[in-house]
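Numbering (UniProt numbering), first residue to last: 1 to 101.
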């Protein structure tokens, strides 16, 4: 219905508190920030501490190509990242989202 849509005159946003857990402030020095009207506005790219494609999943098609990555539990992803950092074998993960069978 659109009644819950934001007015187009509100062009400013703020970060959700979880954002800084995924993108730590300590990593900001590694990023190149875009500038608009002399203001630093946002990084040209982001570096999350876990692979967000595994959290959010992905499904796309293109000419001759297709991909499907299911959503996984962030806790399982973090556990596997820790295993990788310790040069240990990773554990198989089960897809994780509402309604998955």
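We treat Cβ as the ideally placed atom computed from N, Cα and C, and that holds for glycine.
Whether residue i touches residue j by CB criterion (8 Å)
i, j, result
"residue 24", "residue 49", "yes"
"residue 41", "residue 30", "no"
"residue 32", "residue 19", "no"
"residue 67", "residue 75", "no"
Environment of residue i [buried if 16+ CB atoms lie within 10 Å]
i, result
"residue 46", "exposed"
"residue 72", "buried"
"residue 39", "exposed"
"residue 54", "buried"
Residue ranges of each beta strand (DSSP E) within the UniProt domain "Topo IIA-type catalytic" (1-101), 3 or longer: 33-36, 39-43, 58-62 and 65-69
Stretch pair the stretch 44-60 + the stretch 73-81: three plus CB contacts closer than 8 Å: yes
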